[in-house]
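Colleague: Numbering of the sequence shown is given in the working numbering, commencing with residue -8 and proceeding in unit increments.
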Amino acid sequence: MELIELSKEKKLLLGGAPDTFMGAGIQTCRKLIDDGYIGDIVGATAFMMSKGHESWHPDPEFYYKPGGGPMFDMGPYYITALLNLMGGVKTVTGMNTTAFKERVITSQPKYMQKILVETPTHVSAMLQFQNGAIASIITTFDCKKSDLPLIEIYGTKGSIKVPDPNCFSGPVFLATSDGTGYKEIPLTHIYPDNSRGLGLADLAKCIITGEIPKAGCQQTGHVLEIMCAVFKSFETGKYYKMKTRYKRAEPMKRDLIKGQV
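1. Report the rounded CA-to-CA distance for S41 versus F132, giving the unit in angstroms.
2. State the DSSP-derived secondary structure class of G123, mapped to helix, strand or coil.
3. Three or more C-beta pairs closer than 8 angstroms, one from the segment 206 to 215 and one from the segment 147 to 159: is that the case here?
4. Looking at T82 and Q119, is the spacing between their C-beta atoms short of 9 angstroms?
5. Give the DSSP bridge partners of A35, in chain order.
6. Can you look up V108 in the DSSP assignment and give me helix, strand or coil?
7. Starting from L(-3), trace the alpha helix (DSSP H) in both directions and tell me its first and last residue.
8. Looking only at C-alpha atoms, which of I142, K105 and D31 sits nearest to G66?
9. Among S(-2), E52, Q251 and F12, which one has its Cα closest to the Cα of K105?
10. Using CA atoms only, rank isn't needed, just tell me which of A35, Y55, W47 and G228 is closest to E93.
11. Contact check, L5 vs C208 under 8 angstroms by CB: the rounded distance?
12. Can you give me the Cβ contacts of I176 inside the same chain, cut-off strictly under 6 angstroms, excluding the 5 residues immediately before and after it?
13. In the DSSP assignment, the beta strand (DSSP E) including S150 goes from what residue to what residue?
14. Using a threshold of 9 angstroms, state whether the C-beta atoms of G30 and K136 are closer than that.
15. Taking only the alpha-carbon atoms, compute the straight-line gap between K196 and K238 and give it to the nearest angstrom.
16. Would you report the Cα separation of G201 and K(-1), rounded to the nearest angstrom?
17. Please determine, among K205, Y182 and I198, the residue with the shortest C-alpha to C-alpha distance to L247.
18. Could you check if L73 is buried or exposed, using at least 16 other CB atoms within 10 Å of its CB as the buried criterion?
19. Just how far apart, CA to CA, sit I230 and S224?
20. In terms of alpha-carbon separation, which member of L76, H48 and E241 lies closest to I125?
21. Enumerated in chain order, which unbroken segments of the alpha helix (DSSP H) with a length of 4 residues or greater are wholly contained in the segment -2 to 27?
22. Where do the ends of the beta strand (DSSP E) carrying T171 lie?
23. Could you give the distance in angstroms between the alpha-carbon of N122 and the alpha-carbon of I32?
So, in structure tokens, the structure goes:
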């Protein structure tokens, strides 16, 4: 938060990852929601189910130290997607636990070295949004196998299966009240491929145009406060009322060509 205050003081633009919400997948979901296909949003679920990173990452210790863990690792992707689809968060409730006190690295070059776990590895939260909708989110390094969806959004007229928020592409599935189940929806926007750097390109454009960056610090700060609030809620045994406010950025334009933001 100190960086945000410094950027305001210096009158500089500040942004942060992720920028995957600017890709075709989540932008298609946003268009479906904004166009009323699922009615008013009632709730959402988000699941980042993982067994941890020590089986593949060459240097995985930091994932299990203070500041690491599944919420701070992948939470930004899931929460940023939810914010862009549902708006700002008002209240946060959280709980957490740790399944293993030690982890054994099975990747190279630190094969069979032990990691002392110093941060929660299974984190669950309830987010109450400004529009009244409620989302439940689980991020974990303690799950050996899961078939849970990544993100689903539930409305009064239908539901949307949101694609992986760590990526830019689809697929996107929509189910409406006609009872025919989920159907895949063609992507409505550009950038379905790995497009890391979209947020930075947009930030550079905003320096020239004076626009507000889509991945700006207003969003990043709200995401960070939400994640910290999950742990503060568990520590205090109380709901956490958000202090920062969030306003969704304008959606990506549909008439862009590759290279434009």
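Ideal Cβ placement from N, Cα and C applies to all residues, glycine included.
Modeller: In short:
1. One-based indexing of the sequence shown puts residue 41 at position 50. One-based indexing of the sequence shown puts residue 132 at position 141. Straight-line Cα distance between these residues: approximately 5 angstroms.
2. If you number the sequence shown from 1, residue 123 lands on position 132. Taken through DSSP and simplified to helix, strand or coil, G123 comes out as coil.
3. The count of Cβ pairs closer than 8 angstroms, one atom from the segment 206 to 215 and one from the segment 147 to 159, stays below three, leaving the stretches out of contact.
4. If you number the sequence shown from 1, residue 119 lands on position 128. If you number the sequence shown from 1, residue 82 lands on position 91. For Q119 and T82, yes; Cβs fall inside 9 angstroms.
5. Indexing the sequence shown from 1 puts residue 35 at position 44. Its beta-bridge partners are A126 and I144.
6. Residue 108 sits at position 117 when you count from the first residue of the sequence shown. In the three-state reduction of the DSSP assignment, V108 falls in the coil class, being assigned neither a helical nor a strand state.
7. If you number the sequence shown from 1, residue -3 lands on position 6. E(-7) to K1 is the span of the alpha helix (DSSP H), which, as asked, contains L(-3).
8. For the purposes of this step, residue 66 is taken as the residue at position 75 of the sequence shown. Distances from the CA of G66 to each of I142, K105 and D31 were compared; the closest alpha carbon is that of I142.
9. Residue 105 sits at position 114 when you count from the first residue of the sequence shown. Cα-wise, what sits closest to K105 is E52.
10. If you number the sequence shown from 1, residue 93 lands on position 102. When each option's Cα is compared against that of E93, the closest is Y55.
11. On the sequence shown, position 14 is the one that residue 5 refers to. On the sequence shown, position 217 is the one that residue 208 refers to. A Cβ-Cβ distance of about 4 angstroms is found for the pair L5 and C208, placing them in contact under the 8 angstroms criterion.
12. The residue labelled residue 176 in the question sits at position 185 within the sequence shown. If we look at I176 and ignore the five residues flanking it on each side, its Cβ neighbours are V163 and L165.
13. In the sequence shown, counting from the first residue as 1, residue 150 sits at position 159. Per DSSP, the unbroken beta strand (DSSP E) holding S150 starts and ends at G149 to V153.
14. For this step, residue 30 is matched to residue 39 along the sequence shown. For this step, residue 136 is matched to residue 145 along the sequence shown. Cβ atoms of G30 and K136: not closer than 9 angstroms.
15. Taking the first residue of the sequence shown as position 1, residue 196 is located at position 205. Taking the first residue of the sequence shown as position 1, residue 238 is located at position 247. Distance between the alpha carbons of K196 and K238: 20 angstroms.
16. By one-based count along the sequence shown, residue 201 stands at place 210. By one-based count along the sequence shown, residue -1 stands at place 8. A straight line joining the alpha-carbon of G201 with that of K(-1) spans about 14 angstroms.
17. As a first step, residue 247 is located in the sequence shown; it is residue number 256 there, counting from the start. The residue with the shortest Cα to Cα distance from L247 is Y182.
18. By one-based count along the sequence shown, residue 73 stands at place 82. Buried: at least 16 other Cβ atoms inside 10 Å.
19. Here residue 230 refers to the residue found at position 239 of the sequence shown. Here residue 224 refers to the residue found at position 233 of the sequence shown. According to the sequence shown, residue 230 is Tyr rather than Ile. Per the coordinates, the alpha-carbon of Y230 lies some 6 angstroms from the alpha-carbon of S224.
20. The residue you call residue 125 lines up with position 134 of the sequence shown. For the options L76, H48 and E241, the alpha carbon positioned closest to that of I125 is the one of L76.
21. Runs of the alpha helix (DSSP H) inside the segment -2 to 27: 15 to 25.
22. Counting from one through the sequence shown, the residue named residue 171 turns up at place 180. Here T171 belongs to no beta strand (DSSP E), and DSSP marks it neither H nor E.
23. As a first step, residue 122 is located in the sequence shown; it is residue number 131 there, counting from the start. As a first step, residue 32 is located in the sequence shown; it is residue number 41 there, counting from the start. If you take the alpha carbons of N122 and I32, they lie about 8 angstroms apart.
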